[in-house]
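Reviewing the structure listed below.
In this note's numbering, the protein residues as written are 22 to 176.
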């Protein structure tokens, strides 16, 4: 089984921490980008299973990111959940053209975020695997450029 790869485009370190906390009990590879430009670069490198997208970011906003992402053949069907405090009504037409998978309003509930992502990819609790080769979840810390590993108690 493959560990789901999740890319979150979020410029707020506080919201990055909340997202990181929501997935801390699951076997996922979670990476963060602070703007759309970084997000495109990371998407090409990571090829995520799902993207969590804030709409209002510096450098390149979420709508421009989506347009550029969908223009690339390998990302035309990649699920994108918009996670934003922005009024979606202002973006409805642009988002509809970009085929988003859903919208989660900030502030969000961790259970809702996990449930919505869990409908797109299979999420395994860190202690939920019976295999002794339980993969680790690699989380890219939102507070530095250093990656670190979170291992299950069985590791």
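In this text, a Cβ means the ideal position worked out from N, Cα and C, and glycines have one as well.
Which same chain residues end up closer than 8 Å to residue i when comparing Cβ atoms and leaving out the 5 residues on each side of it in sequence?
i, result
"residue 85", "57"
"residue 123", "102, 103, 137"
"residue 154", "The predicted position of residue 154 is uncertain, since its pLDDT is 39 and thus under 50; no value can be drawn from it."
Would residue i and residue j be called neighbours here (beta carbons separated by less than 8 Å)?
i, j, result
"residue 55", "residue 35", "no"
"residue 103", "residue 121", "yes"
"residue 127", "residue 105", "yes"
"residue 100", "residue 141", "yes"
"residue 112", "residue 76", "yes"
"residue 147", "residue 48", "yes"
"residue 116", "residue 73", "no"
Keeping to the same chain, check which residues put their C-beta closer than 7 Å to that of residue i; ignore five residues upstream and five downstream.
i, result
"residue 63", "28, 52, 54"
"residue 81", "56, 57, 58"
"residue 61", "86, 89, 90"
"residue 145", "47, 48"
"residue 96", "64, 90"
"residue 129", "104"
Could you give the residue range of the alpha helix (DSSP H) that holds residue i?
i, result
"residue 28", "Taken as a continuous stretch (DSSP letters only), residue 28 belongs to no alpha helix (DSSP H), being part of the beta strand (DSSP E) at 26 to 30."
"residue 144", "Unbroken run through residue 144: none, as it is neither H nor E."
"residue 36", "34 to 43"
"residue 131", "131 to 139"
"residue 127", "First-last for residue 127: undefined, no H or E at that position."
Enumerate in chain order the residues of its own chain whose CB-to-CB distance from residue i is below 6 Å, with the five nearest sequence positions on each side excluded.
i, result
"residue 68", "none"
"residue 119", "87, 91"
"residue 107", "76, 77"
"residue 131", "43"
"residue 33", "none"
Residue i lies in the beta strand (DSSP E); which residues open and close that run?
i, result
"residue 53", "50 to 54"
Any chance you could list the alpha helix (DSSP H) runs of at least 4 consecutive residues sitting entirely within the segment 71 to 122, in chain order?
The DSSP assignment places complete alpha helix (DSSP H) segments of no fewer than 4 residues inside the segment 71 to 122 at 83 to 91, 113 to 118, in order along the chain.
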